[in-house]
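Peer 1: My structure is below; once you've seen it, I'll send some questions.
Residue numbers (the numbering used here), protein chains in the order written: chain A, 129 to 173; chain B, 4 to 643; chain C, 113 to 387.
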């Protein structure tokens, strides 16, 4: 693994992880308020 | 062996005492009053608070079985009371002393609240600083905490002076209103007064006993006294808050103002706790800002480099406290406003959609000032270390976001237009700026401003460190990702749910935004804490900061003070022409909401008076540590 | 320049900056209601309508919400008689009114009985009205004032004013009880159905051919609760909440209902067995 490959992987990994975390956060927060979302974040009601 | 025993005992006695106090205050079994309050507060509709349930019983039928909500000890006296309504006043019932009664009470009340907020706030963060000093063994913290308390002490008596004057003014100028309030709150007012004995005792012991109880177990005793001081102080705050929240959203009384509930029902109205939280946090921010001004003043007048360094550091700490406490304030304010809307749509609309709407634009100006000043101070402070050079390129972007956010926040929605202006504009709202005037845009703006303010903090904290952990690259990538995704999330939630879905989703999306901001703050603090382990610390040149930056530390308390008075104007005005909303009408000569220009002038007078007195207090603090040099003895010279 | 002067100067400048902002904004003073004594017998139709308009824009605080900002129907630009007819024809309408005048009066005294689509309290699915009750605090318009407002709403679009002008006998000071509130209902209901309609039960409960999902279905309540429990549910609605429902039922029926009306309703409900 070259230095560059390593760096790119780290950054992609970081963003992927954080995106997933915030996606989950959004779904959870809207759900507990009784405002469910579809998988594409559109309102389910 | 003997010594060890002695060492453990006081410390553990103190801790056990603390637990006992906390346990007592939470356990319903030990304190029936708390049990009563708990049961009385469960799931009551707002209508029920104001209108009690009567009992209808038919002749010959048995009494229906009804759950006892309140223990007899508290409600039996009410059953025997005659239902006396609130007084109905006419114009001639109001005493006239030749000057505007409203202005007199306004100024005195506002000054009392300024000082009260200050003296309640300082012990809160002093206790934390003292604890930090004790735990880290860095005695500079302890000395700074002691110095903060010195300032607070002089302010304490001035608070009481204004409190007494306020009471006199209220009884003189609004006697029937006060008679009614005394009838409603009854013994609670005496308890409030009595608490001041405890507050004074604890305050004086805490301050004067500082050096006597400095080390070891004695320090734990001292800290406990500080904690008790804060408990009493907070109790005073929530008791006084109940009077204010009662006048806005009365509870425990019926439509006519007759008392129908016990003191807990009267106190625990729908606005009490939102007001408590908001004022508690705001007090801390306010107190931090004031002591920051003290530090800035001393910095600017410092004669030696050591003095400059000491006060520079103090200023930084004060700014840190002020901004840290300031960050959650918008959310506490949002809760307060939401509760006002839930209690009475009319009151809510009066505040934000009606006559007081422009006021919140002024609020935006003030908050913009606070954020810009706080951030500017942090950026200036980066000059204290060399390591900051890596980050200075970010400052212009942070500044850009803050300014744009501020402009969006300031943009009004409803413009009061003449018909000609409506024609020119092409409608009642500007087609481009109109959408910026409503909540989704403002929520985006404020959340981004808070995120970027926190970024300034984080950059400052990193400035003096060279990170040495092996996973630094991954950690930094994570932090950048968190910022980027959070910002995108805030904007997405605001734009999509705010403009393209229905109202319920729009309102719900604001929680996403708040949580995103909180996630940034919490996760970055946690990650940095781990990343800083074993970091190489670069020297910080305390005292090496521009004089200009100290003016930012003055701007902060001025803006805070003025903002606090502005919010007082809102709180009082949302009741429109009522002393106690819906229950006791205001029929005084000044029973109308004053125009915002007049309010601005009154607020300025109060702010300037406060400033002058605060400078006096700073001077007193300096005076108490000044020692005049004894006269030099004249030796006989020459002569005859 | 000594530090004190510089600091004071800066603080003063900043403070004056804020003051300037507030003085540049549009200056509006709030209007407190002024108590006016009016000669009731001296009203003409024109002056009565004028009074109504004054109340609509002033003490009644109607324009706070009834404007073009979308919070409530924009009454000033709507033909209210035509609108009233449309509302009465709406199959969601569950109120008592039969014509424009009674619809407008009902909207003011009992706004919750029918909520125009899209204007309900957020999250209540248009079943709860955010409108305050006009003859209670803080607005507290008297019957005559309410009549005047209705007259204005009829007249402003050129419609016939059907409200009777106040007469000297009818004009008694707004009866506000000095002691406990006894909200006077206009007439006592003659039977259970009338009482149920009068107190707006069907706004939340399925009953009398009307369906409503907000509260428990009462069409078979007789099989679930006995008369004591039914009575308690009306007088102390928060004592026992049916599973799956929220505590939303008004708890002031004890003050508002006549004993006779209560007993009629209780007996009627006890007989409801879902057939």
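Using N, Cα and C, we set each Cβ at its ideal position, and we do this for glycine too.
Which residues of chain B have a Cβ atom closer than 8 Å to the Cβ of residue 154(A), listed in chain order?
Peer 2: Counting from one through the first chain, the residue named residue 154(A) turns up at place 26. The contacting residues are 492, 496 and 515.
Peer 1: Drop a sphere of 10 angstroms on the beta-carbon of residue 539(B), count the other beta-carbons inside from all chains shown, and report buried for 16 or more, exposed for fewer.
Peer 2: Numbered from 1 along the second chain, position 536 holds the residue referred to as residue 539(B). Classification for residue 539(B): exposed.
Peer 1: Out of 116(C), 374(C), 168(C) and 180(C), state which residue places its alpha-carbon closest to the alpha-carbon of residue 268(C).
Peer 2: What you label residue 268(C) is simply residue 156 of the third chain in a count that begins at 1. Of the listed residues, the one whose Cα sits closest to residue 268(C) is 168(C).
Peer 1: Please go through the same chain and pick out, in chain order, the residues whose beta-carbon is closer than 6 Å to the beta-carbon of residue 304(C), but skip the five residues on each side of it.
Peer 2: Here residue 304(C) is taken as the residue at index 192 of the third chain, counted from 1. Excluding positions up to five away in sequence, the list reads 376, 377 and 380.
Peer 1: Return the CA-CA distance between residue 121(B) and residue 205(B), expressed in angstroms with no decimal places.
Peer 2: In the second chain, counting from the first residue as 1, residue 121(B) sits at position 118. In the second chain, counting from the first residue as 1, residue 205(B) sits at position 202. Cα to Cα, the separation comes out at about 17 Å.
Peer 1: Note down, in chain order, every chain C residue with its Cβ under 7 Å from the Cβ of residue 433(B).
Peer 2: The sequence position of residue 433(B) within the second chain is 430, counting from 1. Those within 7 Å of residue 433(B) in chain C number zero; the least Cβ separation is about 15 Å.
Peer 1: Compare the C-beta of residue 57(C) against all C-beta atoms of chain B and say whether one is closer than 9 Å.
Peer 2: In the structure as shown, chain C starts at 113 and stops at 387, and residue 57(C) therefore has no counterpart that could be examined.
Peer 1: Inspect the CB distances between the region 257–277 of chain C and the region 209–226 of chain C and report whether three or more fall short of 8 Å.
Peer 2: A contact exists between the region 257–277 of chain C and the region 209–226 of chain C.
Peer 1: Helix, strand or coil for residue 565(B), going by three-state DSSP, please let me know.
Peer 2: Mapped onto the second chain, residue 565(B) falls at position 562. Looking at residue 565(B) - three-state DSSP - the assignment turns out to be helix.
Peer 1: Taking beta-carbon pairs under 8 Å, can you tell me which members of the region 170–189 of chain C lie near chain B?
Peer 2: Of all residues in the region 170–189 of chain C, 173, 176, 177, 180, 181 and 183 have a Cβ within less than 8 Å of some Cβ in chain B.
Peer 1: For residue 251(C), which option in 258(B), 241(B) and 95(B) has the closest C-alpha, if you only look at C-alpha atoms?
Peer 2: The sequence position of residue 251(C) within the third chain is 139, counting from 1. Measuring from the Cα of residue 251(C), the nearest candidate turns out to be 258(B).
Peer 1: Rounding to the nearest angstrom, what Cα-Cα distance links residue 105(B) and residue 253(B) in this structure?
Peer 2: Residue mapping note: residue 105(B) aligns to position 102 of the second chain, counting from 1. Residue mapping note: residue 253(B) aligns to position 250 of the second chain, counting from 1. Looking at the two C-alpha atoms, the distance is approximately 22 Å.
Peer 1: Using a Cβ-Cβ cut-off of less than 7 Å, give me the residues of the region 131–142 of chain C that come near chain D, in sequence order.
Peer 2: No chain D is present in this structure, whose protein chains are A, B and C.
Peer 1: Taking Cβ-Cβ distances shorter than 9 Å, what residues in chain C pair up with residue 179(B)?
Peer 2: As a working note, residue 179(B) is residue 176 in the second chain. The premise fails here: residue 179(B) is roughly 16 Å from chain C at the closest Cβ pair, so nothing lies under 9 Å.
Peer 1: Classify residue 268(C) as helix, strand or coil using the three-state DSSP reduction.
Peer 2: Residue 268(C) sits at position 156 when you count from the first residue of the third chain. Coil, per DSSP.
Peer 1: Can you tell me which of the three DSSP states residue 536(B) falls into?
Peer 2: Translated into positions along the second chain, residue 536(B) becomes position 533. Residue 536(B): coil per DSSP, three-state reduction.
Peer 1: So that I know if they touch, is there some Cβ in chain B lying closer than 9 Å to that of residue 277(C)?
Peer 2: Position 165 of the third chain holds residue 277(C). False, the Cβ-Cβ gap to chain B never drops below 9 Å.
Peer 1: Is residue 182(B) near the ligand ADP, in the sense that its beta carbon is under 8 Å from a heavy atom of that ligand?
Peer 2: The ligand ADP is absent from the structure shown, which contains no ligand whatsoever.
Peer 1: On the three-state DSSP scale, how would you describe residue 178(C)?
Peer 2: Walking along the third chain from the start, residue 178(C) turns up at place 66. Three-state result, residue 178(C): coil.
Peer 1: I'd like to check one pair, residue 115(C) with residue 303(B): are the Cβ atoms closer than 9 Å?
Peer 2: The count along the second chain starts at 1 and reaches residue 303(B) at position 300. The count along the third chain starts at 1 and reaches residue 115(C) at position 3. Contact flag set, yes.
Peer 1: Roughly how many angstroms separate the alpha carbons of residue 356(B) and residue 140(C), rounded to a whole number?
Peer 2: Within the second chain, the letter at position 353 stands for residue 356(B). Within the third chain, the letter at position 28 stands for residue 140(C). If you take the alpha carbons of residue 356(B) and residue 140(C), they lie about 14 Å apart.
Peer 1: List the whole-angstrom C-beta distance separating residue 332(B) from residue 226(B), where the pair is believed to meet the contact cut-off of C-beta under 8 Å.
Peer 2: Position 329 of the second chain, counting from 1, holds the residue named residue 332(B). Position 223 of the second chain, counting from 1, holds the residue named residue 226(B). Contact doesn't hold; Cβ gap of about 27 Å is too wide.
Peer 1: On a Cα-Cα basis, can you pick out the residue from 352(B), 272(B) and 196(B) that is closest to residue 239(B)?
Peer 2: Start at 1 with the first residue of the second chain, and residue 239(B) comes out as number 236. For the residues 352(B), 272(B) and 196(B), the minimum Cα distance to residue 239(B) belongs to 196(B).
Peer 1: Of all Cβ atoms in chain C, is any one closer than 9 Å to the Cβ of residue 628(B)?
Peer 2: Within the second chain, the letter at position 625 stands for residue 628(B). By this cut-off, residue 628(B) is not an interface position.
Peer 1: Residue 520(B) CB to nearest chain A CB: under 9 Å?
Peer 2: Counting from 1 along the second chain, the entry for residue 520(B) is found at position 517. Not an interface residue.
Peer 1: Contact check, residue 624(B) vs residue 157(B) under 8 Å by CB: the rounded distance?
Peer 2: For the purposes of this step, residue 624(B) is taken as residue 621 along the second chain, with counting starting at 1. For the purposes of this step, residue 157(B) is taken as residue 154 along the second chain, with counting starting at 1. Indeed, because the Cβ distance is near 7 Å, the residues count as touching under 8 Å.
Peer 1: Is the region 293–307 of chain B close to the region 338–356 of chain B, with three or more CB pairs under 8 Å?
Peer 2: Verdict: no, contact absent.
Peer 1: Below 6 Å CB to CB, which residues in the same chain sit around residue 446(B) once its five sequence neighbours on both sides are set aside?
Peer 2: Residue numbering aside, residue 446(B) sits at position 443 when the second chain is read from its first letter. If we look at residue 446(B) and ignore the five residues flanking it on each side, its Cβ neighbours are 497, 513 and 516.
Peer 1: On the DSSP bridge list, what partners appear for residue 319(C)?
Peer 2: Counting from 1 along the third chain, the entry for residue 319(C) is found at position 207. Note: residue 319(C) sits in a beta bridge opposite 322(C).
Peer 1: Since residue 537(B) and residue 472(B) should fall inside the 8 Å C-beta cutoff, what is the C-beta to C-beta distance between them, to a whole number of angstroms?
Peer 2: Reading the second chain from its first residue, position 534 is the one you call residue 537(B). Reading the second chain from its first residue, position 469 is the one you call residue 472(B). Going by Cβ atoms, the distance from residue 537(B) to residue 472(B) rounds to 7 Å, so yes, they are a contact pair.
Peer 1: Please list, in chain order, the chain B residues whose beta carbon lies closer than 7 Å to that of residue 127(C).
Peer 2: Residue 127(C) sits at position 15 when you count from the first residue of the third chain. The contacting residues are 561, 565, 607, 610 and 611.
Peer 1: In chain B, which residues lie less than 8 Å from residue 163(A) when you measure between Cβ atoms?
Peer 2: Numbered from its first residue, the first chain carries residue 163(A) at position 35. Ordered by position in chain B, the residues that pass the 8 Å Cβ test against residue 163(A) are 507, 508 and 511.
Peer 1: Just mark residue 159(A) as buried or exposed, buried being the case when its beta carbon has 16 or more other beta carbons within 10 Å.
Peer 2: Here residue 159(A) refers to the residue found at position 31 of the first chain. By the 10 Å Cβ count, residue 159(A) comes out exposed.
Peer 1: For residue 587(B), which of helix, strand or coil comes out of DSSP?
Peer 2: In the second chain, counting from the first residue as 1, residue 587(B) sits at position 584. Looking at residue 587(B) - three-state DSSP - the assignment turns out to be strand.
Peer 1: Go ahead and pull the three-state DSSP assignment for residue 644(B).
Peer 2: As shown, chain B starts at 4 and ends at 643. That puts residue 644(B) outside it, with no answer to give.
Peer 1: What residues match up with residue 165(A) in a beta bridge as DSSP calls it?
Peer 2: Here residue 165(A) refers to the residue found at position 37 when the first chain is read from its first residue. Beta-bridge pairing links residue 165(A) to 171(A).
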